[in-house]
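For reference, the structure is listed below as C-alpha cells.
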RNA sequence: GUCCUCAUAGUUCAAUGGAUAGAACAGGAGACUUCUAAGCUCUUGAUGGAGGUUCGAUUCCUCCUGAGGACACCA
C-alpha cells in the first residue's frame with residue numbers, strides 16, 4: 002500500500018514536470034488524525050502536486066485531503082480493511098512474509114560464548130537478538146544459516162584449565178568449570194608466577210603436548226557444550242553449523258603468514274594489521290609467540306564459513322557493542338585479503354550491555370548473574386502465575402512465559418543501546434511484556450472457540466460501516482516486518498505487536514464476539530482471528546512462543 | 001590523549017527532519033451479575049546546557065556537561 006501511494010505521487014509529480022522531489026509517506030502519528038497514510042509531498046514539492054493529480058489514481062484510496070501545513074492525508078476504502086483481514090487469514094503462517102530477499106543467502110553468527118565460562122547475560126542478549134534478526138531475514142525471503150562460533154581455545158580456556166588443575170575441580174561439573182575460571186583469572190591478574198604458568202598452559206594447549214591438560218580441556222568443552230545446547234534449545238535456537246576457534250586458528254595463521262608484507266606487517270615480533278590506512282587502529286593478528294589472537298582466528302572463521310556456505314551473499318556477526326571498532330578493523334583486513342568479497346556484504350550488529358536496575362554486575366568480581374540463573378528466576382515467577390492459568394501443561398507454559406518475558410524485555414528497545422534490566426518489572430508480567438502478548442493470543446483462541454460453539458463463524462462478508470481501530474493496525478504488519486529487517490531492528494515488531502494487542506484488548510472490552518444474535522459477530526470474529534495470526538507470526542519473529550491457553 | 005556510542009516523564013523504553021513528543025511501570029480515580037482481571041477506562045508528569053542549519057529539529061552540525069566503550073600481542 003505504501004509503495005502504491007509512493008508510486009502514484011511520484012507519477013503525479015512527473016506529470017507536473019517536478020521529478021526528484023523528496024517526500025515522506027507514512028502513518029500519521031497524531032492521535033486525532035484519522036487518516037490512514039499521510040505524505041508531506043505538498044510541502045516538499047512546494048504544493049505543486051496537490052491532491053488534484055492524485056485523486057482517484059490509487060486503488061484502495063477513497064479520498065485524499067490537503068491538511069494543515071502542506072500535508073496530504075489518504076483515506077482508504079472501507080473494503081480494503083476487510084480484504085486485508087481475509088488475506089491474512091488465507092495466508093496463515095505466511096502472513097507478513099515477503100520475497101524481497103529471495104536471492105540472498107545470509108550467514109548470521111551469534112551467541113558465540115566462551116566455553117568454560119558460565120553463559121553470561123551478554124551471550125543471552127546476543128542469542129535473543131541474533132535469533133530475531135535471523136527470523137526477520139527469513140520473513141523477508143532470504144535463506145539463512147545460523148552459525149555459532151564458540152571459543153574453545155585461548156587464554157580464557159588456559160585460565161580455566163589451570164584453575165581446574167589447581168582446584169582439582171571436576172571437569173564434568175559446569176559449576177566447577179565456572180569456579181576454575183574465576184580462580185585462574187584472579188591468579189592471572191594478581192600473581193606473576195601463576196600468570197607465567199597460565200601462559201605456558203596456553204601454549205601447551207595449542208601444541209597439545211600435555212595429555213593431562215588436553216584431557217581437562219576436552220572434558221570441559223564437552224560439559225560446556227552440553228549446557229550451551231540445552232539453553233539454546235530452550236531459547237529456540239538450533240544452529241546450522243558450529244565453527245570452533247580451535248579449528249579456525251590454524252587456517253587464520255596460514256592466511257596471515259601468506260599475506261605478511263602484503264597486508265600484514267611485523268612489529269615487535271608480532272604480526273599486525275595497520276588499520277590506520279583505513280582510518281582505524283592497529284591490531285595484532287599473531288602474537289610474538291606466533292600464536293593466533295582473536296583477530297587471526299576470526300579470519301580463519303571467515304574462511305571456514307565461506308567453504309561451508311560458498312553461495313553466501315551477506316555475512317553478519319552479532320556481538321557486544323564493545324567490539325564495534327574491532328570489527329571495523331577485521332572487515333578492513335578481510336576485504337584486503339580476499340578481493341572477491343568486494344561484492345558481498347559484511348556486517349556487524351552490536352548489541353548493548355545489559356545491567357540490572359539493582360546494581361551493576363561484573364563477571365570478574367564473581368558477582369555474576371549467569372544466563373541460566375536469570376532464566377531460572379524468571380521461571381520461578383512464571384510458574385506461580387501459570388499455576389493459576391488454564392493450561393494443561395504447566396511446565397511448558399512456565400518455560401514459554403519465562404522466555405517470553407526475558408526476550409520481550411530485550412527486544413523492546415533499539416538494538417545496540419545498553420539495556421537496563423528491571424527484574425521486578427520483567428517478573429511482574431503486567432503491562433508491556435511478552436506475557437501480555439501471549440495472553441492476548443490465548444484470549445483470542447478462547448473467544449474464537451466460544452464463538453464457534455455459539456455458531457459464529459469468522460467472515461468478512463458483512464462489515465460494519467466503520468472499520469474498528471484494530472483493523473487499521475492489522476494490515477500494517479507486512480510493512481513492519483520490512484522496516485524491522487531494513488533497520489535490523491526487531492523492536493519495531495515488538496512495539497507494533499504491543500500496540501496491536503492493546504488496541505485489540507480495548508476492542509475486546511467493548512465488543513462481544515461470541516454473540517450469534519449480532520449480525521456483525523462473524524466480522525468481529527474474523528478481525529479477532531486476523532489479530533491472532535498477526536500476534537502468532539509476530540511473536541515467532543521475536544522468537545517467542547504463542548501458547549493457546551494460559 | 002585520540003576515536004566511537006549514548007543523554008527524552010519519578011523509573012524503563014518509543015518517536016524514516018513533520019501535525020498536539022507516544023507507551024508501560026510507579027502515583028491518583030473508576031467500570032464490570034456478559035466471551036480469560038497476565039485485561040479495560042480516565043488522570044498527574046519529559047526532550048541535559050548553549051549556539052547554528054531549516055518553513056519546521058528529540059532527530060542534522062559545533063561547543064559544553066555527564067555516562068559507557070575502543071585504542072598491540074585477552075575474547
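In my numbering, the protein residues as written are 2 to 551. Idealized CB from N, CA, C, for every residue including glycine.
- Residue environment for residue 194: exposed (fewer than 16 other C-beta atoms within 10 angstroms of its C-beta).
- Using a Cβ distance threshold of 8 Å, residue 505 and residue 532 count as a contacting pair.
- In chain order, 146, 148, 309 place their CB closer than 7 Å to the CB of residue 242, counting only its own chain and leaving out the 5 sequence neighbours on each side.
- Cβ contact annotation for residue 462 (same chain, cutoff 8 Å, sequence separation greater than five): 523, 524, in chain order.
- Per the coordinates, the alpha-carbon of residue 144 lies some 11 Å from the alpha-carbon of residue 109.
- Take the alpha-carbon of residue 394 and the one of residue 551: they are about 10 Å apart.
- Nearest in C-alpha terms to residue 500, of all of 90, 413, 84, is 413.
- With a 10 Å radius around the Cβ and a threshold of 16 neighbouring Cβ atoms, residue 4 comes out exposed.
- Look at the segment 222-302 and you find these whole runs of beta strand (DSSP E), each 3 residues long or longer: 266-268, 271-274, 284-287.
- Residue state for residue 150 is assigned as coil, using DSSP reduced to three classes.
- Comparing C-alpha distances from residue 253 to each of 286, 229, 223, 280 shows the shortest one belongs to 286.
- The beta carbon of residue 261 sits closer than 8 Å to those of 267, 272, all from its chain and outside the five residues before and after it, given in chain order.
- The beta carbon of residue 168 lies closer than 7 Å to those of 180, 181, 184 in the same chain, with the five residues before and after it left out.
- When the Cα atoms are used, residue 173 and residue 135 turn out to be separated by approximately 32 Å.
- Spatial neighbours of residue 383 in its own chain (CB-CB distance under 6 Å, excluding positions within 5 residues in sequence) are listed in chain order as 399, 402, 403.
- In the three-state scheme derived from DSSP, where H, G and I count as helix and E and B as strand, residue 6 is classed as helix.
- Between residue 116 and residue 225, the C-beta spacing is below 8 Å.
- The DSSP assignment places 325-338 as complete runs of the alpha helix (DSSP H) inside the segment 301-354, in order along the chain (cut-off: 4 residues).
- The beta carbons of residue 417 and residue 322 sit closer together than 8 Å.
- In the three-state DSSP reduction, residue 478 falls in the helix class (H, G or I).
- Secondary-structure assignment with DSSP links residue 68 through a beta bridge to 72.
- Of the residues assessed, residue 299 falls on the buried side of the cut-off, its CB having 16 or more other CB atoms within 10 angstroms.
- Excluding the 5 residues flanking it on each side, residue 160 has same chain C-beta neighbours closer than 7 Å at 182, 185, 186, 189, 199, in chain order.
- Setting aside the 5 residues that flank it on each side, residue 547 is surrounded in the same chain by 439, 442, 536, 537, 540, each with a C-beta closer than 7 Å to its C-beta; the list follows chain order.
- Judged by beta-carbon spacing, residue 406 lies beyond the 8 Å limit of residue 446, meaning their Cβ atoms are not closer than that value.
- Scanning 429, 430, 411, 74 for the CA closest to the CA of residue 421 turns up 411.
- The alpha helix (DSSP H) runs lying completely inside the segment 189-217 and spanning 4 residues or more are 193-208, given in chain order.
- The beta carbon of residue 100 lies closer than 7 Å to those of 142 in the same chain, with the five residues before and after it left out.
- Residue 106: member of the beta strand (DSSP E) spanning 106-110, first to last residue.
- A buried status is given to residue 294, since no fewer than 16 other beta-carbon atoms sit within 10 Å of its beta-carbon.
- Taking C-beta atoms under 8 Å as the contact rule, residue 526 and residue 470 fail to qualify, at a distance of about 17 Å.
- For residue 38, the enclosing beta strand (DSSP E) starts and ends at 38-40.
- Residue 508 and residue 131 have their C-alpha atoms spaced approximately 34 Å apart.
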